[in-house]
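Written out below as structure tokens is the structure these notes cover.
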Amino acid sequence: MPVTAEILIPLAIDTAYSYAVPAGLALAEGDVVQVPLGPRETVGVVWALAESPGGSNLRPVTGRLAVPPLSEPLRRLVDWLARYTLAPKGSALAMALRLPDEAAARESARVGVRATGKPPARTTPARAKVLAAAADGTLRGKSALAKEAGVSLGVVDGLIDDGALEAVALEPEPVALPPDPDHPRLPLSEAQARAAAALLPPEGDPGATLLEGVTGSGKTEVYFEAVAECVRAGRQALILMPEIALTAQFLDRFAARFGVRPAAWHSGIGGKRRERIRAGVAGGGIGVVVGARSALFLPFARLGLIVVDEEHESAYKQEDGVHYHARDMAVVRGRLEGCPVVLASATPSIETRVNAARGRYRHVTLPERFGGRRLPDIRAIDMRLDKPERGRFLAPPMIHALKHNLAAGEQSLLFLNRRGYAPLTLCRACGHRYQCRNCSTWLVEHRFRRALVCHQCGYAERKPEACIACGAFEHLTPCGPGVERIAEEVAELFPQQRVVVLSSDFPGGAERLRAELEMVARGACDIVIGTQLVAKGHNFPHLTLVGVLDADIGLTSGDPRAAERTFQLLQQVTGRAGRGERPGRALVQTYQPEHPVIAALLSGDAERFYEEEIGARELAGLPPFGRLAALIVSANEREVAEAHGQALARAAEPPLGAMVLGPAEAPLALIRGRWRFRLLVKTERAIDLQAYLRDWLARGPKVRGNVKVTIDVDPQSF
Ligand code: ADP
Ligand code: ZN
32 MPVTAEILIP LAIDTAYSYA VPAGLALAEG DVVQVPLGPR ETVGVVWALA ESPGGSNLRP
92 VTGRLAVPPL SEPLRRLVDW LARYTLAPKG SALAMALRLP DEAAARESAR VGVRATGKPP
152 ARTTPARAKV LAAAADGTLR GKSALAKEAG VSLGVVDGLI DDGALEAVAL EPEPVALPPD
212 PDHPRLPLSE AQARAAAALL PPEGDPGATL LEGVTGSGKT EVYFEAVAEC VRAGRQALIL
272 MPEIALTAQF LDRFAARFGV RPAAWHSGIG GKRRERIRAG VAGGGIGVVV GARSALFLPF
332 ARLGLIVVDE EHESAYKQED GVHYHARDMA VVRGRLEGCP VVLASATPSI ETRVNAARGR
392 YRHVTLPERF GGRRLPDIRA IDMRLDKPER GRFLAPPMIH ALKHNLAAGE QSLLFLNRRG
452 YAPLTLCRAC GHRYQCRNCS TWLVEHRFRR ALVCHQCGYA ERKPEACIAC GAFEHLTPCG
512 PGVERIAEEV AELFPQQRVV VLSSDFPGGA ERLRAELEMV ARGACDIVIG TQLVAKGHNF
572 PHLTLVGVLD ADIGLTSGDP RAAERTFQLL QQVTGRAGRG ERPGRALVQT YQPEHPVIAA
632 LLSGDAERFY EEEIGARELA GLPPFGRLAA LIVSANEREV AEAHGQALAR AAEPPLGAMV
692 LGPAEAPLAL IRGRWRFRLL VKTERAIDLQ AYLRDWLARG PKVRGNVKVT IDVDPQSF
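Residues 32 to 749 (my numbering) are what the sequence shown spells out, left to right.
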């Protein structure tokens with residue numbers, strides 16, 4: 032009987048298309064195939080196969096591609112992702128089907144050269160040097176050989192043309208060698224050993240486990256044991272990290288434990304290497320992948336463990352395209368693969384804490400730092416009493432502590448979560464404030480770049496000499512501090528000291544940033560001034576003082592997650608202090624030391640914070656006690672966006688236990704020239720939020736012109 036294949040195509044379409052399977056082409060579900068689509072050919076995945084009686088007039092599948100098929104659990108993950116996020120199923124598939132792009136196809140294979148023994152037609156001193164270097168007969172890369180001989184590449188090419196050297200295709204460098212679970216290692220502490228044992232799930236009951244350990248408790252070494260166990264069992268492990276924490280330092284740590292570096296996967300991995308990792312993962316040859324959130328969609332053949340490090344990180348939420356949370360999808364993939372999932376954090380998310388409290392996740396804790404090290408002593412500086420000098424931002428006790436630390440030869444970190452020099456520029460003559468022309472944001476002065484920059488869209492303009500509104504000279508005033516401005520103050524206070532400023536816009540790119548981070552870790556710098564880039568994950572053994580310059584920044588945003596975010600960030604950054612030999616301390620500049628978040632931080636009583644915050648969420652019916660989704664309606668004109676939002680609201684008809692708020696201007700009402708209105712949907716847990724949303728959108732007004740409706744289930748800020 033003829034066979035029909037339902038082919039899902041990785042484009043923004045929600046259903047699979049039917050094709051005829053030509054006789055002689057044996058297809059299986061999950062196979063990656065080529066099919067005609069309109070006037071061209073495209074790639075798709077066999078989502079279902081069925082025998083179809085009688086002849087059909089469907090277009091036939093063109094052929095199967097020689098790439099790893101999508102496994103059953105991975106296909107179900109795609110289904111799940113699309114259903115949960117309401118993204119078109121094809122868009123969800125696109126996450127799991129990143130095929131080699133043209134750049135990868137163009138990348139040439141590695142070629143080595145070696146001597147043939149045939150003398151060249153012509154000999155020159157340069158040619159003689161090359162032949163001498165190649166005399167041992169081993170294969171070398173072309174440029175390596177040229178370098179060794181101290182000649183240009185052209186000389187080597189000439190010898191190849193002459194037949195004195197031959198070019199041979201090299202085996203590709205392996206992307207990762209097999210990790211050795213029994214590589215010699217430092218013994219675990221008693222507490223670590225206990226936690227590691229508790230992390231192994233009971234036979235036949237994988238599930239998820241929260242590994243909660245204070246900063247410096249040695250969580251990494253603990254979950255490495257679970258990874259080792261997984262590798263011993265012949266299965267593969269995936270360690271997810273927020274992109275920012277995926278550092279050389281971590282890969283080295285992995286190498287110290289397992290003898291080799293793992294395969295690393297992140298947005299910077301390109302072309303051929305991407306493909307080889309995919310193939311290695313699908314073939315089972317790669318044992319462990321350490322990757323950013325997109326690694327979740329790699330085609331593992333025998334996945335045996337997923338670790339989500341820093342599970343509370345908001346970087347796990349993808350905020351464009353398919354709006355998914357990688358931590359939650361990791362739990363889903365674990366369930367589909369029947370493998371355990373470990374969620375590690377010093378400051379777990381409220382969602383995960385509640386899941387652990389309710390017994391949905393196991394809960395393993397490490398309440399003390401490794402090696403008897405103490406947690407830092409944290410004190411507040413009340414800015415209402417200890418005022419900085421006019422136009423300055425460091426309070427006297429902070430300056431005093433810095434002096435003290437410098438005298439002791441120890442390293443200090445000043446933390447301010449603001450890039451640039453000043454977050455706002457104001458004309459003191461006319462009151463004009465410099466705003467982005469595309470967004471509802473203030474332009475941030477970057478003195479280093481001599482520009483006013485929008486942190487939302489990247490728009491930049493030269494800082495004018497005179498006010499563009501009133502023409503007054505010398506009245507443009509930077510308001511408030513960014514890290515560059517703090518660096519200026521520190522340089523005046525401590526001109527002799529080695530100071531480094533680290534933020535994500537660090538000049539010189541990722542490579543230089545990595546080098547700077549390494550330098551800080553070595554202790555080759557006295558004062559680090561940084562944004563949240565330095566707050567998380569890093570191990571700076573020489574750091575003993577952390578100064579938080581504005582603990583209140585995040586608390587005023589009106590976002591219900593503000594308290595959680597601020598608490599996590601402050602715990603993380605103060606937790607950088609005292610991880611080495613010497614004890615650490617932290618000073619926190621705040622105008623509201625009595626605020627529950629600050630009070631919990633100062634007392635070191637995380638439990639108190641969690642209890643209060645969980646209680647407040649429950650009372651308000653906020654996640655995880657209720658469900659939440661945001662609909663962002665955007666358009667080029669404000670009125671059009673608002674009108675579409677209102678039409679949507681009129682069609683809402685929320686069922687009992689659900690409500691729809693808005694439309695209201697989104698917190699950032701204008702981004703890149705597009706106006707944004709937001710509707711919030713809040714429902715009780717028992718309600719099928721997705722089914723309701725789908726219903727509503729089908730009933731609602733048609734999207735016309737440049738209007739766009741974006742759905743964000745479980746929005747991270749709301
Ligand atoms: P966490 O991730 O919980 O903040 P880490 O895993 O980074 O903590 O460990 C903190 C420090 O203690 C690191 O410098 C690490 O090398 C060290 N450490 C942890 N466990 C051990 C161990 N068993 N033996 C020696 N050093 C350890
Ligand atoms: Zn902008």
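Don't be surprised by glycine CBs; every beta carbon is placed ideally from N, CA and C.
Cβ-Cβ distances below 6 Å link valine 532 to Val514, Ala518 and Ile560 in the same chain, with the five nearest sequence neighbours on each side left out; the list follows chain order. In the DSSP assignment, the residues bridged to methionine 690 are Lys713.
Not a single heavy atom of the ligand ZN lies less than 7 Å from the C-beta of glutamine 620.
Only buried fits lysine 713, as 16 or more other CB atoms lie within 10 angstroms of its CB. With a 10 Å radius around the Cβ and a threshold of 16 neighbouring Cβ atoms, alanine 279 comes out exposed. In terms of Cβ geometry, glutamate 382 and proline 655 form a close pair [threshold 8 Å]. Using a Cβ-Cβ distance cut-off of 8 Å, the stretch 601 to 620 and the stretch 482 to 497 are not in contact, since fewer than three pairs of beta carbons, one from each stretch, lie closer than that value. The DSSP-derived three-state label of glycine 440 is coil. Only residues of its own chain outside the window of five on either side were considered, and among them Phe708 have a CB closer than 6 Å to the CB of glutamate 673, listed in chain order.
If you check the C-beta of asparagine 737 against the ligand ZN, you find no heavy atom less than 7 Å away.
Close to the ligand ZN, as judged by a C-beta nearer than 6 Å to any of its heavy atoms, are the residues Cys467, Asn469, Cys470, Thr472, Cys485, Gln487, Cys488 and Tyr490, in chain order. Isoleucine 317 is a Cβ neighbour of alanine 207, given a cutoff of 8 Å. In the assembly as shown, methionine 272 is a buried residue. Its beta-carbon has 16 or more other beta-carbons within 10 Å.
Separation of glycine 635 and histidine 573 (C-alpha to C-alpha, rounded to the nearest whole angstrom) is 22 Å. With a minimum length of 4 residues, the unbroken runs of alpha helix (DSSP H) contained wholly in the stretch 80 to 127 fall at 103 to 116 and 120 to 127. Distances from the CB of glutamine 527 to the heavy atoms of the ligand ADP are all 7 Å or more. The stretch 187 to 222 contains, as complete beta strand (DSSP E) runs of 3+ residues, the segments 196 to 200 (chain order). Shown here for glycine 369: same chain residues with a beta carbon closer than 7 Å to its own, the five before and five after excluded, namely Pro237 in chain order. With respect to the C-alpha of lysine 178, the residue from Leu231, Gln747 and Ala164 having the closest C-alpha is Ala164. Taking C-beta atoms as the reference points, glycine 69 and isoleucine 40 fail to come closer than 8 Å.
Under a 10 Å Cβ-count criterion, phenylalanine 424 is classified as buried, with 16 or more other Cβ atoms of the shown protein chains found around its own Cβ. Shortest Cα-Cα distance from histidine 506 to any of Pro379, Asp743, Ala152 and Arg459 involves Arg459. Counting C-beta pairs with one atom in each stretch, the stretch 110 to 119 and the stretch 150 to 161 have fewer than three that are closer than 8 Å, which means they do not touch. The C-beta of histidine 435 has fewer than 16 other C-beta atoms within 10 Å across all chains shown, which makes the residue exposed. Straight-line measurement puts the Cα of glutamate 549 at about 18 Å from the Cα of glutamate 612.
Note on geometry: alpha-carbon atoms of arginine 129 and lysine 120 lie some 15 Å from one another. Secondary structure at isoleucine 718: coil, using DSSP grouped into helix, strand and coil. The stretch 679 to 695 and the stretch 714 to 723 touch, with three or more beta-carbon pairs separated by less than 8 Å.
Our two residues, arginine 421 and proline 427, have alpha carbons roughly 12 Å apart in a direct line. Rounded to whole angstroms, the gap between the alpha carbons of threonine 562 and arginine 400 is 25 Å.
Counted as a single uninterrupted DSSP element, the stretch harbouring cysteine 458 is not any alpha helix (DSSP H) but the beta strand (DSSP E) occupying residues 455 to 458. Here the stretch 343 to 357 lies against the stretch 734 to 749, with 3 or more beta-carbon pairs under 8 Å apart. For proline 218, the shortest separation between its Cβ and any heavy atom of the ligand ADP lies below 7 Å. Within the same chain, and ignoring the five residues on either side of aspartate 413 in sequence, the residues whose Cβ sits closer than 6 Å to its Cβ are Pro624. Closest in alpha carbon position to cysteine 510, among Tyr490, Arg464, Asp590 and Ala555, is Arg464. With 16 or more other CB atoms across the displayed protein chains lying within 10 angstroms of its CB, lysine 567 is buried.
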